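Asks: After the structure tokens below, expect a handful of questions from me.
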Amino acid sequence: MRPLRPCSPAAPPAADGRPALLVVAHGSRDPRHAATVAALCARLRRLRPGLRVATGHLDFNAPSVPQALAGLHEEGARQVVALPLLLNRAFHAKTDIPGALGEATARLPRLSVRQAEVLGPDPLLTAALERRLRQAGLRPGDEGSTGVVLASAGSSDPEAIAVIAEIAREWRLTTGWCAVRPAFASASLPRTADAVRRLRAEGVRRVAVAPYVIAPGFLPDRIAAGAREAGADLLAPVLGDAAELAELMGRRYDEAARRWPAYGDVPVSA
Numbered sequence: 004m005r006p007l008r009p010c011s012p013a014a015p016p017a018a019d020g021r022p023a024l025l026v027v028a029h030g031s032r033d034p035r036h037a038a039t040v041a042a043l044c045a046r047l048r049r050l051r052p053g054l055r056v057a058t059g060h061l062d063f064n065a066p067s068v069p070q071a072l073a074g075l076h077e078e079g080a081r082q083v084v085a086l087p088l089l090l091n092r093a094f095h096a097k098t099d100i101p102g103a104l105g106e107a108t109a110r111l112p113r114l115s116v117r118q119a120e121v122l123g124p125d126p127l128l129t130a131a132l133e134r135r136l137r138q139a140g141l142r143p144g145d146e147g148s149t150g151v152v153l154a155s156a157g158s159s160d161p162e163a164i165a166v167i168a169e170i171a172r173e174w175r176l177t178t179g180w181c182a183v184r185p186a187f188a189s190a191s192l193p194r195t196a197d198a199v200r201r202l203r204a205e206g207v208r209r210v211a212v213a214p215y216v217i218a219p220g221f222l223p224d225r226i227a228a229g230a231r232e233a234g235a236d237l238l239a240p241v242l243g244d245a246a247e248l249a250e251l252m253g254r255r256y257d258e259a260a261r262r263w264p265a266y267g268d269v270p271v272s273a
């Protein structure tokens with residue numbers, strides 16, 4: 004793995020003894036990915052002053068997950084919540100991250116690590132998607148004449164694909180879009196361009212593409228190219244450092260941190 008940029012510095016240890024937070028990012032050769040992760044972690048630190056937040060990567064960027072955990076251990080952390088910066092529970096959440104955490108804790112027996120749940124699905128994510136669509140030009144009242152392509156990175160995991168389809172169905176019911184169709188940039192079908200064309204063929208007046216991805220990179224660029232190729236009317240930005248995403252990260256941290264006996268039922272939220 005070739006490091007592209009260092010991680011953001013961790014905050015000092017929390018005075019109240021809360022577990023540290025390790026945000027586990029996928030990593031990318033695209034420097035926009037690391038910049039987005041850093042901006043998102045900075046937003047989370049502002050929401051949770053005093054919480055120690057570090058970043059580790061599965062690939063491409065430094066530090067790796069084991070390196071980040073070793074750094075936290077050297078700074079005095081003994082409990083760490085590892086938060087997958089993932090929108091869906093697929094291979095990375097089920098296999099890659101547990102493997103990296105296991106490798107690290109085997110070398111650091113005094114360190115206790117709990118893996119938090121992935122971020123999605125959650126209403127905060129669809130709220131962020133809607134806000135990004137408004138930023139792209141969607142106007143109040145356009146929902147009933149707009150079909151949305153919910154474009155995710157894609158997965159070979161059937162469970163993950165089923166979750167995206169369920170998010171699309173639920174989003175249509177709760178928001179009033181005339182249609183919501185899932186699409187995928189890799190591993191699964193349909194592709195973004197095909198989903199846009201199908202909505203057009205069904206007579207949908209306005210088609211918007213909402214990338215269900217966190218950071219820019221190769222697959223989000225593929226989503227954008229498909230939207231342009233098929234003539235989508237609107238293309239939203241990626242979720243990026245959305246406030247809703249940072250809030251959700253804090254909630255997932257709380258859920259995992261409460262599982263330590265020392266916390267009992269005492270809220271961890273700042």
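Per this note's numbering, residue 4 is the first one in the sequence shown, and the count goes up by one each step.
Glycine included, every Cβ here is placed at the ideal spot set by N, Cα and C.
Keep in mind it's a predicted model, so treat the numbers as computed, not measured.
Closer than 6 angstroms by C-beta to residue 8: which residues in its own chain qualify, once you throw out the five before and the five after it? Chain order, please.
Replies: Reading the sequence shown from its first residue, position 5 is the one you call residue 8. Reliability of the predicted coordinates at residue 8 is poor, the pLDDT of 30 falling under 50, and no value is obtained from them.
Asks: Put residue 187 into one of helix, strand or coil per three-state DSSP.
Replies: In the sequence shown, residue 187 corresponds to position 184, counting from 1. DSSP places residue 187 in strand when its eight states are reduced to three.
Asks: Just the Cα atoms here: how many angstroms apart are residue 153 and residue 214?
Replies: Reading the sequence shown from its first residue, position 150 is the one you call residue 153. Reading the sequence shown from its first residue, position 211 is the one you call residue 214. Approximately 6 angstroms, taken between the alpha carbons.
Asks: For the ligand GTP, I want to know if residue 85 counts as a neighbour, meaning its beta carbon is within less than 7 angstroms of at least one of the ligand's heavy atoms.
Replies: No copy of the ligand GTP appears in this structure; indeed no ligand is present at all.
Asks: How far does the alpha helix (DSSP H) with residue 24 in it extend, from its first residue to its last?
Replies: For this step, residue 24 is matched to residue 21 along the sequence shown. Taken as a continuous stretch (DSSP letters only), residue 24 belongs to no alpha helix (DSSP H), being part of the beta strand (DSSP E) at 23-28.
Asks: Identify whether residue 240 lies in helix, strand or coil by the three-state DSSP scheme.
Replies: Position 237 of the sequence shown, counted from the first residue, corresponds to residue 240. In the three-state scheme derived from DSSP, where H, G and I count as helix and E and B as strand, residue 240 is classed as coil.
Asks: Measuring CB to CB, does residue 95 end up less than 8 angstroms from residue 29?
Replies: One-based indexing of the sequence shown puts residue 95 at position 92. One-based indexing of the sequence shown puts residue 29 at position 26. Taking 8 angstroms as the Cβ cut-off, residue 95 and residue 29 qualify as a contacting pair.
Asks: Can the beta-carbon of residue 40 be found closer than 8 angstroms to that of residue 88?
Replies: Taking the first residue of the sequence shown as 1, we reach residue 40 at position 37. Taking the first residue of the sequence shown as 1, we reach residue 88 at position 85. A contact, by the Cβ cut-off of 8 angstroms.
Asks: Hey, out of 107, 253, 49, 79, whose CA is closest to residue 60's CA?
Replies: Counting from one through the sequence shown, the residue named residue 60 turns up at place 57. Closest option to residue 60, Cα to Cα, is 107.
Asks: Is residue 166 helix, strand or coil when you go by DSSP?
Replies: Residue mapping note: residue 166 aligns to position 163 of the sequence shown, counting from 1. In this structure, residue 166 counts as helix in the three-state DSSP scheme.
Asks: So the candidates are 151, 92, 118; which of them puts its Cα closest to the Cα of residue 201?
Replies: Position 198 of the sequence shown, counted from the start, is the residue given in the question as residue 201. When only C-alpha atoms are compared, the closest one is 151.
Asks: Between the alpha carbons of residue 183 and residue 211, how many angstroms are there, rounded?
Replies: Here residue 183 refers to the residue found at position 180 of the sequence shown. Here residue 211 refers to the residue found at position 208 of the sequence shown. Approximately 9 angstroms between the Cα atoms of the pair.
Asks: Does DSSP classify residue 294 as helix, strand or coil?
Replies: In the structure as shown, the chain begins at 4 and stops at 273. Residue 294 is therefore absent and cannot be evaluated.
Asks: DSSP three-state label for residue 153, please.
Replies: What you label residue 153 is simply residue 150 of the sequence shown in a count that begins at 1. Three-state result, residue 153: strand.
Asks: Nearest CA to the CA of residue 175: which residue from 147, 21, 159, 198?
Replies: Reading the sequence shown from its first residue, position 172 is the one you call residue 175. Looking at the Cα atoms, 147 is the closest of the given residues.
Asks: Provide the residue span of the alpha helix (DSSP H) that contains residue 58, from first to last.
Replies: Locating residue 58 in the sequence shown gives position 55, counting from the first residue. No alpha helix (DSSP H) contains residue 58, which is instead part of the beta strand (DSSP E) from 56-60.
Asks: Provide the residue span of the beta strand (DSSP E) that contains residue 116, from first to last.
Replies: Position 113 of the sequence shown, counted from the start, is the residue given in the question as residue 116. Residue 116 -> beta strand (DSSP E) spans 115-118.
Asks: Determine the contact status of residue 45 and residue 138, defining contact as a CB-CB distance below 8 angstroms.
Replies: Along the sequence shown, read from residue 1 onward, the residue named residue 45 stands at position 42. Along the sequence shown, read from residue 1 onward, the residue named residue 138 stands at position 135. No, the pair does not count as a contact, with Cβ atoms beyond the cut-off.
Asks: According to DSSP, simplified to helix, strand and coil, what is residue 9?
Replies: Position 6 of the sequence shown holds residue 9. Model confidence at residue 9 stands at a pLDDT of 31, short of 50, so the residue's coordinates are unreliable; what they give is reported in the following sentence. Three-state DSSP puts residue 9 in coil, outside helix and strand.
Asks: So who's on the other strand from residue 31, going by DSSP bridges?
Replies: Position 28 of the sequence shown, counting from 1, holds the residue named residue 31. In the DSSP output, where bridge partners are listed per residue, residue 31 has none listed.
Asks: Just mark residue 10 as buried or exposed, buried being the case when its beta carbon has 16 or more other beta carbons within 10 Å.
Replies: For this step, residue 10 is matched to residue 7 along the sequence shown. Any reading at residue 10 must be qualified, since the residue scores a pLDDT of 35, below 50, and its modelled position is unreliable; the value itself is stated next. Counting Cβ neighbours within 10 Å, residue 10 comes out buried, since at least 16 surround it.
Asks: For residue 182, write down the residues that DSSP places opposite it in a beta bridge.
Replies: Numbered from its first residue, the sequence shown carries residue 182 at position 179. Paired residue(s): 150.
Asks: Give the DSSP-derived three-state secondary structure of residue 51 in the structure shown.
Replies: Looking up residue 51 in the sequence shown gives position 48. Looking at residue 51 - three-state DSSP - the assignment turns out to be coil, as it is neither helix nor strand.
Asks: Quick check: what's the CA-CA separation for residue 251 versus residue 207?
Replies: Here residue 251 is taken as the residue at index 248 of the sequence shown, counted from 1. Here residue 207 is taken as the residue at index 204 of the sequence shown, counted from 1. Cα to Cα, the separation comes out at about 33 angstroms.
Asks: Below 6 angstroms CB to CB, which residues in the same chain sit around residue 31 once its five sequence neighbours on both sides are set aside?
Replies: Against the sequence shown, residue 31 aligns to sequence position 28. If we look at residue 31 and ignore the five residues flanking it on each side, its Cβ neighbours are 63, 220.
Asks: Taking the alpha-carbon of residue 189 as reference, which of 158, 257, 78, 65 has the nearest alpha-carbon?
Replies: The residue labelled residue 189 in the question sits at position 186 within the sequence shown. The option with the nearest alpha carbon to residue 189 is 158.
Asks: Would you check if the distance between the CB atom of residue 23 and the CB atom of residue 121 is smaller than 8 angstroms?
Replies: Locating residue 23 in the sequence shown gives position 20, counting from the first residue. Locating residue 121 in the sequence shown gives position 118, counting from the first residue. Not a contact, by the Cβ cut-off of 8 angstroms.
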